[in-house]
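Residue numbers (UniProt numbering): 1 to 618.
Ideal Cβ placement from N, Cα and C applies to all residues, glycine included.
Below is the structure:
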């Protein structure tokens, strides 16, 4: 029932070699061209009754800055429909300002998924745009396409992209350091989304946004983890970038999928928990400011009534969103977002040193990854790279900095593996990360030095436990042994790197790598929520066994209890079990927010301390 309440969709697989009947029916088809006097103009349109295109699609389909690129694919959302337009920019005579720009687009119902599976129309839209760029008056192909693919009747609810939302799974058990007492209702805490693998004979469509997942990891580096945590808290996340926007739209899709709440843990959460997924808005512009203002009002209204249950509507305003834009003016509207991600310009791909995206709050406070995030990211890169059999070109590698070296535990695991690690693999060459990683705290530095002096063996044991925890998140995932993850210019489209036309074994193997990344983050989410659920259950069980006087005495010691129960105590070892940083105050604040949002409880998080002979020194 919890899955139904959160809008969890049934599983669906996309069959290879899809026929025309496999394309999602469209609610609108349109042609937009640039007029030197009137600007962007709808030159041809067809739509179902009740769908307004004028004053909508010409702005959503053609964001700012497209005149600088030759072609692009733009994803957007309007009301209960998803849109996709294929943009073409061709040379023209001087009277046309030396350029002819058009876009051919469709709108499909959102009931077919985050993007209504609109990417299945991408190749056909690009083909029609290439024909119409020569003569926009020859609209016969548009008439035929509309007649063949227009929607007839209600959509089939099973035809969604929910395989990525909560994929078919194997069981996953997070490493538990101490046994916890189970509550009488006997929740199942061992399940996770597990292995998100496509069965044999199935693969993602050529233009599926999930193909960009490996490049998402390469583009954000360790910053992917604080962004993932912000998405779990259902923050309003705005990504500012330059044209082309296809890849940034793909990143919006990917981050929305990675931050899903797996089906296996939805029954552990409070009825007031945030929705199962983060609402993706894809490409937005200045004309969407009223939409964002409406969402802000809804968010404030929801905050004014704490403890209210979420609506059955998956994309109800006020529950957070993620979007991308090329309009820099939106970044100046700091009240409309919670997290601002500024992507580096396209020419930074040729820079001598890696230029990372900038992640900051509306107040301009930069958000950084923790030291634990850096170690986890290295472990993830190693796990994804150890199956690579074909070394990539040395020209794609970057200069390794001191912060990009592997830890001792990773070196031991690598040397003990039966698989060889190519030295020139870019996934093993992590660029300088000093600017995006929190510095080591004095307490962590003192503890590290003290442990090395007092007991090097205990320090190694802690490192091994951490490595085992990271390895468990990727255990059992079938990764491709022949598809290296290599950097590529942002100007290249997803299809241009050889994904188009991958069918059969090669396509399945490539898709498994993308699905493994999704499963990794779903397992990480499960690990955090299941651990907190155990703590909440243990707190409630202890409370039930105490008499009224002891319960009141404990409340006086720990502070006032929430309406739904007493405050929960999260030890430093619990923080480690969640895969978070015991020394980071930002991770402690994140745990407090998760406990409040997903369990309706106040959390007290213990920081790691350094004690010598029972005396705390820091």
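- For residue 86, the closest of 107, 108, 122 by C-alpha to C-alpha distance is 122.
- Shown here, residue 606 sits in coil according to DSSP, grouped into three states, outside any helix or strand.
- Contact between residue 280 and residue 239 is ruled out by a C-beta separation of about 11 Å, above the 8 Å threshold.
- Under the 10 Å beta carbon count, residue 339 is surrounded by 16 or more other beta carbons and is classified as buried.
- When 269, 337, 27 are compared, the shortest CA-CA separation from residue 300 is found for 337.
- Residue pairing for residue 326: DSSP places it in no beta bridge.
- Residue 106: member of the beta strand (DSSP E) spanning 99 to 109, first to last residue.
- Residue burial is scored here from C-beta neighbours: residue 254 has at least 16 other C-beta atoms within 10 angstroms and is therefore classed as buried.
- Under the three-state reduction of DSSP output, residue 463 falls in the helix class.
- Short of 7 Å from the beta carbon of residue 72, and not among the five residues preceding or following it, lie these beta carbons of its own chain, in chain order: 66, 87, 243, 244, 245, 246.
- Apart from sequence neighbours up to five positions away, the residues of its chain that approach residue 362 with a beta-carbon distance below 6 Å are 334, ordered along the chain.
- In this structure, residue 26 sits near residue 106, with a CB-CB distance shorter than 7 Å.
- Contact annotation: the region 355 to 369 touches the region 221 to 232, with at least three C-beta pairs closer than 8 Å.
- Of the candidates 29, 278, 583, 29 places its Cα closest to the Cα of residue 125.
- Boundaries around residue 91 are those of the beta strand (DSSP E), 81 to 91, since no alpha helix (DSSP H) includes it.
- Residue 128 and residue 104 do touch by the CB rule: their CB atoms are close to 5 Å apart, below 8 Å.
- Cβ neighbours of residue 23 within its own chain (closer than 7 Å, five residues either side excluded): 120, 121, 149.
- Bounds of the alpha helix (DSSP H) holding residue 214 are 213 to 220.
- Per DSSP, residue 347 is not a residue of any beta strand (DSSP E), being assigned neither H nor E.
- When C-alpha distances from residue 591 are compared across 62, 534, 529, the shortest belongs to 529.
- Here the region 284 to 294 does not lie against the region 136 to 150, with fewer than 3 beta-carbon pairs under 8 Å apart.
- At a Cβ-Cβ threshold of 7 Å, residue 581 and residue 587 count as neighbours.
- Minimum Cα-Cα distance from residue 599 among the listed residues 571, 532, 100, 325 corresponds to 532.
- The Cβ atoms of residue 603 and residue 570 sit closer than 7 Å to each other.
- The Cβ atoms of residue 437 and residue 368 lie closer than 7 Å to each other.
- Closest by C-alpha distance to residue 578, out of 225, 206, 257, is 225.
- Burial state of residue 386 is buried, judged by a 10 Å Cβ sphere holding 16 or more other Cβ atoms.
- Residue 302 sits away from residue 320, with the two beta carbons spaced by 7 Å or more.
- The beta-carbon separation of residue 260 and residue 277, rounded to 5 Å, stays under the 8 Å limit for a contact.
- Comparing C-alpha distances from residue 526 to each of 472, 568, 538 shows the shortest one belongs to 472.
- When C-alpha distances from residue 536 are compared across 512, 566, 514, 521, the shortest belongs to 566.
- Annotation: residue 46 is outside any alpha helix (DSSP H); the continuous beta strand (DSSP E) that includes it extends over 39 to 47.
- A residue is called buried when at least 16 other Cβ atoms come within 10 angstroms of its Cβ; residue 305 does not meet this threshold and is exposed.
- By the neighbour-count criterion, in which 16 or more other beta carbons inside 10 Å mark a residue as buried, residue 265 falls on the buried side.
- Bridge partners of residue 280 according to DSSP: 322.
- Secondary structure of residue 338 (DSSP, three-state): coil.
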